[in-house]
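If you're matching positions, the sequence shown starts at 37 in the working numbering and goes up one per residue.
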Amino acid sequence: RDLTTQFKERTKKLTVDLEKDESFYKDEIENQKATLDSLKEEENNLMEEIKKIQAEIKEEDDQNVELKEQADVFCSMPEKKFVFKGLTKNAEDRQEFDM
37 RDLTTQFKER TKKLTVDLEK DESFYKDEIE NQKATLDSLK EEENNLMEEI
87 KKIQAEIKEE DDQNVELKEQ ADVFCSMPEK KFVFKGLTKN AEDRQEFDM
């Protein structure tokens, strides 16, 4: 009888300990799930931000290409040659102008 009582008490104690552990680990799992959900949401937000920034970079690159093309066209235009006649006049009649 004494052995049976000890066995029952030990079994009860182990059962209570197992229930406590199970409850603790369930809570721990719920906390980890909440953390995981939070991290997934943060990851999604960061991915959206990355896509937005990449779109802005692409837009700037396109704009830079367009500006470069405009600059290349402007620079590739032939310069006009100006011919100045060497007329001689009185120095007091001379007029100055800026180019």
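Backbone N, C-alpha and C define an ideal beta-carbon position, used for all residues, glycine too.
{"Query": "Helix, strand or coil at Arg46 according to DSSP, with G and I counted as helix", "Result": "helix"}
{"Query": "Alpha-carbon to alpha-carbon, Glu96 and Ile65", "Result": "46 Å"}
{"Query": "Leu75 versus Lys44: straight-line alpha-carbon distance, rounded", "Result": "46 Å"}
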